[in-house]
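Participant:
Protein chains: 2
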Amino acid sequence: MHQILTEIFKDTSFTESEEALILKKLKKKTLIKGEFLLKAGDSVRDFFYIHTGCLRTFFVDDSGKEHTLQFAVKGWWISDYIALFGRGDKLAVSNIECIKDAIIYGVSKKDFDTLLIEIPLLSQIHIQNMEYSYAHAQKRKLESLTLSAKERYKIFVQTYPSIEQSVKNYHIASFLGITNESLSRIRKEIASE
Amino acid sequence: MHQILTEIFKDTSFTESEEALILKKLKKKTLIKGEFLLKAGDSVRDFFYIHTGCLRTFFVDDSGKEHTLQFAVKGWWISDYIALFGRGDKLAVSNIECIKDAIIYGVSKKDFDTLLIEIPLLSQIHIQNMEYSYAHAQKRKLESLTLSAKERYKIFVQTYPSIEQSVKNYHIASFLGITNESLSRIRKEIASE
DNA sequence: CGCGACGTTGATTTGCCTCAACGATTGTGG
DNA sequence: CCACAATCGTTGAGGCAAATCAACGTCGCG
Chain A
1 MHQILTEIFK
11 DTSFTESEEA
21 LILKKLKKKT
31 LIKGEFLLKA
41 GDSVRDFFYI
51 HTGCLRTFFV
61 DDSGKEHTLQ
71 FAVKGWWISD
81 YIALFGRGDK
91 LAVSNIECIK
101 DAIIYGVSKK
111 DFDTLLIEIP
121 LLSQIHIQNM
131 EYSYAHAQKR
141 KLESLTLSAK
151 ERYKIFVQTY
161 PSIEQSVKNY
171 HIASFLGITN
181 ESLSRIRKEI
191 ASE
Chain B
1 MHQILTEIFK
11 DTSFTESEEA
21 LILKKLKKKT
31 LIKGEFLLKA
41 GDSVRDFFYI
51 HTGCLRTFFV
61 DDSGKEHTLQ
71 FAVKGWWISD
81 YIALFGRGDK
91 LAVSNIECIK
101 DAIIYGVSKK
111 DFDTLLIEIP
121 LLSQIHIQNM
131 EYSYAHAQKR
141 KLESLTLSAK
151 ERYKIFVQTY
161 PSIEQSVKNY
171 HIASFLGITN
181 ESLSRIRKEI
191 ASE
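Sequence order for the protein chains is A and B. For the first sequence, my numbering gives the first residue as 1, with consecutive numbering after it. For the second sequence, my numbering gives the first residue as 1, with consecutive numbering after it.
See the structure below:
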C-alpha cells in the first residue's frame with residue numbers, strides 16, 4: 001500500500017483496486033512559507049490533506065482585520081469549507097496561507113464525490129469525520145460563548161501544542177477572536193501566575 | 001409512499017423496501033410546549049426530525065446562564081450533536097426544550113448508522129446534509145467574529161423569519177450570545193431607524 | 001547593518017454586561 | 001371571567017473586559 005494512504009486512512013483496509021482509485025485522484029503539492037493555496041474570490045474546487053508543515057484559513061473583514069478560522073497540521077484536512085460545502089457559487093470567501101513549509105495532497109470535491117460512490121467504505125469514513133468535525137465545531141462555539149479570552153487561550157495551548165510552535169502570536173489572536181494586544185496582555189498575566 | 005418520508009426526503013426516490021426499512025426505525029413523538037426532550041446528563045442516543053412545532057437546544061453554563069445553540073422548526077433535525085457525534089461518553093451537555101407544541105420523528109444513531117450501510121442513497125443524502133451543516137456552522141462562526149450584536153440580530157430575523165414568531169426574546173438573545181437587555185435596546189434602536 | 005515585521009505597554013474608548021426597578025403581558029386558580 | 005401572580009420586556013445607572021489608538025523596543029532577514 002502506498003505510504004500516504006496508510007498515513008491518511010490509518011488501519012482502514014481498502015482493496016488494491018480501491019487504493020488505486022484513490023491514489024489516482026490525489027495530487028501532491030509542496031508549498032513554502034508565505035505561499036497562498038487559495039485567495040478570496042478564487043473558485044474553490046479542492047480540499048487538501050496536510051502531510052507536513054502548517055497552514056491556516058483566514059477571512060479578511062471589511063475593516064481589513066483578519067480572522068483565522070482554522071489551523072491545519074499533519075493529519076488534518078483544509079479548505080474553504082464555506083464555499084466548498086455551501087450552496088453558494090463556490091467562490092472562496094477565505095484565504096489559505098502556508099505558515100510553515102508544507103507537503104500536502106489535494107483532491108477535488110468532484111473526484112471525491114465520485115470516490116464516495118465507488119467506495120462505500122470511504123463514505124463511512126467521511127461520514128464519521130464530518131460528524132466528528134461538526135461536533136467539534138459546536139463545542140468550539142460553546143467555548144467561545146461561555147469562556148473568557150484567557151480561558152480560551154489556555155484551552156488552545158493545551159489542545160494544539162503542536163500548532164503553537166509554528167504560528168505567530170497574531171495568528172493565534174485572530175483565531176481566538178481577540179486583538180494582538182489583548183493576547184499579549186493575557187500571556188503576560190499567565191506568565192506571572 | 002408514506003407521507004412523512006416524502007416530507008423528509010423530498011424528491012429522493014428510495015425503493016419500496018428501502019422505504020420500509022427507514023419507516024420501521026422512525027418513532028413518532030408528540031410534545032407540548034415546555035416539555036423537555038433531553039436534559040444535560042442524559043445519555044444521547046437519538047436525533048429527531050421536526051414535522052411541526054419548534055424546539056431549541058441550549059446549554060447552561062456554570063453561572064446559570066443559558067446559551068441557545070440551535071432552533072429547529074419543520075424540516076430540521078435536532079439533537080445534542082456534541083454528545084451524539086463526539087468521541088466522548090455520549091452524555092448530553094445540552095438540553096432540548098419544546099417551545100411550541102410539536103410532532104417529531106426520532107431515530108437512534110445506531111439504527112441510522114445501520115440504515116446508512118444498507119441504503120447507499122441515504123449515505124449520499126446524509127453526507128450532503130452534513131457538509132451543508134458544516135459550511136453553515138462555519139459561516140455563523142464568521143458572523144459572530146465579524147459582526148456586531150445589532151447586525152447579527154438583523155441577519156437572524158432575515159434568515160429565520162419563521163422562527164422569530166415562536167420564540168421569546170430571551171431565546172433569541174441567548175442564541176445571539178447577548179443579554180435580554182442588550183437585545184431589547186437593539187430592537188429599540190432598529191425600530192427608530 | 002538597517003529596515004520592516006512583530007510583540008509589548010500605556011492611555012483612552014466602547015460595546016455589552018450587571019444590577020435594579022418597573023411596566024406589560026400571560027396564564028392560572030378561584 | 002376576573003384577579004392576581006409569575007413571567008417577560010424595557011429602561012436606567014454604573015462597571016468591566018477587550019478594542020482602539022499610539023508609541024516604542026526587539027528580533028530576524030535581506
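Don't be surprised by glycine CBs; every beta carbon is placed ideally from N, CA and C.
Which residue's Cα is closest to the Cα of serine 79 of chain A: A/Ala135, A/Pro161, A/Ile104?
Facilitator: Considering only alpha carbons, the answer is A/Ile104.
Participant: Run down chain A in chain order and give the residues with a C-beta less than 7 angstroms from the C-beta of arginine 87 of chain B.
Facilitator: In chain order: Tyr132.
Participant: Going straight from the alpha carbon of leucine 121 of chain B to that of phenylalanine 14 of chain B, what length do you get?
Facilitator: If you take the alpha carbons of leucine 121 of chain B and phenylalanine 14 of chain B, they lie about 8 angstroms apart.
Participant: Could you tell me whether the Cβ atoms of tyrosine 134 of chain A and methionine 130 of chain B are closer together than 8 angstroms?
Facilitator: Yes.
Participant: Chain B partners of alanine 135 of chain A, CB-CB under 7 angstroms?
Facilitator: Per Cβ cutoff of 7 angstroms: Tyr81, Ile82, Phe85, Gly86.
Participant: Please report the distance separating the alpha-carbon of leucine 31 of chain A from that of cysteine 54 of chain A.
Facilitator: Roughly 10 angstroms separates the two Cα atoms.
Participant: Of all the options A/Ser182, A/Asn169, A/Thr159, which has the alpha carbon lying nearest to the alpha carbon of serine 148 of chain A?
Facilitator: Checking every option, the nearest Cα to that of serine 148 of chain A belongs to A/Ser182.
Participant: For isoleucine 82 of chain B, report the span of its alpha helix (DSSP H) as first-last.
Facilitator: Segment 81-85, the alpha helix (DSSP H) holding isoleucine 82 of chain B.
Participant: Which residues does DSSP pair with glutamate 151 of chain B in a beta bridge?
Facilitator: Paired residues: none, contrary to the question.
Participant: Within its chain, find whatever has a CB closer than 8 angstroms to the CB of leucine 229 of chain A; leave out the 5 residues flanking it on each side and keep chain order.
Facilitator: The question about residue 229 of chain A has no answer, for chain A in this structure spans 1 to 193.
Participant: Let me check one thing: in DSSP terms, what residues is asparagine 95 of chain A bridge-paired to?
Facilitator: DSSP output for asparagine 95 of chain A lists A/Phe58 as bridge partner(s).
Participant: Using the DSSP secondary-structure output, state which residues sit across from glycine 106 of chain B in a beta bridge.
Facilitator: The partner list for glycine 106 of chain B (beta bridge, DSSP) reads B/Lys27, B/Phe48.
Participant: Of the residues A/Tyr49, A/Leu69, A/Ser17, A/Val167, which one's Cα is nearest the Cα of serine 144 of chain B?
Facilitator: If we check each option's Cα against that of serine 144 of chain B, A/Leu69 comes out closest.
Participant: Find the residues of chain A that neighbour lysine 110 of chain B, judging by a C-beta separation of less than 7 angstroms, and give them in chain order.
Facilitator: Within chain A, no residue comes near lysine 110 of chain B; the closest Cβ sits about 13 angstroms away, beyond 7 angstroms.
Participant: Below 8 angstroms on the Cβ atoms is my contact criterion, and I expect threonine 27 of chain A with glycine 106 of chain A to pass it. Report the Cβ-Cβ distance as a whole number of Å.
Facilitator: A small fix is needed here, since residue 27 of chain A is lysine in this sequence, not threonine. Right, the Cβ-Cβ distance comes to about 5 angstroms (below 8 angstroms), so this counts as a contact.
Participant: Which value, in whole angstroms, describes the spacing of the CA atoms of glutamate 164 of chain B and phenylalanine 58 of chain B?
Facilitator: Their backbone Cα atoms lie some 17 angstroms apart in a straight line.
Participant: Determine the direct distance from the alpha carbon of histidine 2 of chain A to that of isoleucine 22 of chain A, and round the result to whole angstroms.
Facilitator: Distance between the alpha carbons of isoleucine 22 of chain A and histidine 2 of chain A: 11 angstroms.
Participant: Measuring only between beta-carbons, confirm whether lysine 25 of chain A sits less than 8 angstroms from chain B.
Facilitator: So no, lysine 25 of chain A is outside the interface.
Participant: Less than 8 angstroms between CB atoms is the rule here; does isoleucine 103 of chain A satisfy it with respect to chain B?
Facilitator: No, no contact with chain B.
Participant: Between the C-alpha atoms of alanine 259 of chain A and phenylalanine 85 of chain B, what's the straight-line distance to the nearest angstrom?
Facilitator: For chain A, the structure presents residues 1 to 193; residue 259 of chain A sits outside this window and is missing.
Participant: What's the C-alpha gap between glutamate 18 of chain B and tryptophan 77 of chain B?
Facilitator: Taking the straight line joining both Cα atoms gives about 20 angstroms.
Participant: According to the neighbour-count rule (16 or more other Cβ atoms, all chains shown, within 10 Å of its Cβ), is glutamine 138 of chain B buried or exposed?
Facilitator: With 16 or more other Cβ atoms within 10 Å, it is buried.
Participant: With distances taken from CA atoms, which of B/Thr12, B/Gly34, B/Ile8 is nearest valine 167 of chain B?
Facilitator: Comparing Cα positions, the closest option is B/Gly34.
Participant: Just the Cα atoms here: how many angstroms apart are threonine 6 of chain A and aspartate 62 of chain A?
Facilitator: Straight-line Cα distance between these residues: approximately 42 angstroms.
Participant: Out of curiosity, what's the CA-to-CA distance linking glutamine 158 of chain A and threonine 52 of chain B?
Facilitator: Distance between the alpha carbons of glutamine 158 of chain A and threonine 52 of chain B is about 43 angstroms.
Participant: Strictly by DSSP, which residues pair up with threonine 68 of chain A?
Facilitator: In the DSSP output, where bridge partners are listed per residue, threonine 68 of chain A has A/Phe58.
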